[in-house]
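Residue numbering for the sequence shown follows my numbering, beginning at 180 and increasing consecutively. Idealized CB from N, CA, C, for every residue including glycine. Here's the structure, in structure tokens; my notes come after.
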Amino acid sequence: MAVSDNPTVQRYYRSNLALSAAVERALAQAGTRAAVEAILRAYAEAAIADAHDYYLAMRLDAGVRGRFRMPVETPNREQWDASLDWAMQQPETALLGVGQRLVANAGRGQILAGIRADAKARRWARVTSATGCAFCRMLATRGAVYRSEESADFRAHDHCGCTIEPLFGGRYEPPAHVRADQQLWAESTDGLSGGDALNAFRRAVGA
Ligand SMILES: [Zn+2]
Numbered sequence: 180m181a182v183s184d185n186p187t188v189q190r191y192y193r194s195n196l197a198l199s200a201a202v203e204r205a206l207a208q209a210g211t212r213a214a215v216e217a218i219l220r221a222y223a224e225a226a227i228a229d230a231h232d233y234y235l236a237m238r239l240d241a242g243v244r245g246r247f248r249m250p251v252e253t254p255n256r257e258q259w260d261a262s263l264d265w266a267m268q269q270p271e272t273a274l275l276g277v278g279q280r281l282v283a284n285a286g287r288g289q290i291l292a293g294i295r296a297d298a299k300a301r302r303w304a305r306v307t308s309a310t311g312c313a314f315c316r317m318l319a320t321r322g323a324v325y326r327s328e329e330s331a332d333f334r335a336h337d338h339c340g341c342t343i344e345p346l347f348g349g350r351y352e353p354p355a356h357v358r359a360d361q362q363l364w365a366e367s368t369d370g371l372s373g374g375d376a377l378n379a380f381r382r383a384v385g386a
């Protein structure tokens, strides 16, 4: 799956998908709220550790000099409780989606924390699949996002496998499938904005 031309990004993307699949399998077996929380804590820890190592590997790959002490993020406990309170009242499939999102967001939060704390990192790009949903592909067409931008929060839905590529200067060239989507976006949304533009892009992607 050519999500990126960078092998480190590809490897991380694949290991994240495996982690998402594993947490959903584990949640499907969980009988109690306590079991759900224990599973999510364990997987979120793994996601944070993976994200931490990935960030430092990317930094090294980019030839950034100097030591960097990366802060370690912990997920927002209240947000977790609120999401779980809701999900436990829904059919089981909702819990799988919410659980996957919480774990994936723990990893994303760790990468974003690194970018915020690192004077050598200024931008990031969304890593998305060529067969992803129109929403994620639209966000990926925006290319490199500056960390200072107000919209720099990572928007994700349940079961979203998108990750983050930290960028350390130089020119950012999106992978071929994102460049193709940029062209498709320009062609299909001409004169449109907001939800109308996304709907037009969604139709173009589906066509
Ligand atoms: Zn996505």
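The straight-line gap separating the alpha-carbon atoms of ALA228 and ILE218 is approximately 16 Å. ALA376 and THR368 have their C-alpha atoms some 5 Å from each other.
Remark: the C-beta of GLY288 is outside contact range of ligand 1, defined as less than 7 Å to any heavy atom. The DSSP-derived three-state label of GLU252 is coil. In the three-state reduction of the DSSP assignment, VAL182 falls in the coil class. DSSP places THR272 within a helical segment (H, G or I) once states are collapsed to three. Annotation for CYS312: no residue places its beta carbon closer than 6 Å to its own, counting only its chain and skipping 5 residues before and after.
In this model, LEU196 and GLY340 are separated by some 6 Å (Cα to Cα). Residue environment for PRO186: exposed (fewer than 16 other C-beta atoms within 10 angstroms of its C-beta). Per DSSP, the unbroken beta strand (DSSP E) holding ARG302 starts and ends at 302-306. By the C-beta criterion, the stretch 269-278 is judged to be in contact with the stretch 199-208, since at least 3 inter-stretch pairs fall below 8 Å.
Shown here for ALA230: same chain residues with a beta carbon closer than 6 Å to its own, the five before and five after excluded, namely GLY286, GLN289, ILE290 in chain order. Under the three-state reduction of DSSP, TYR222 is assigned to helix.
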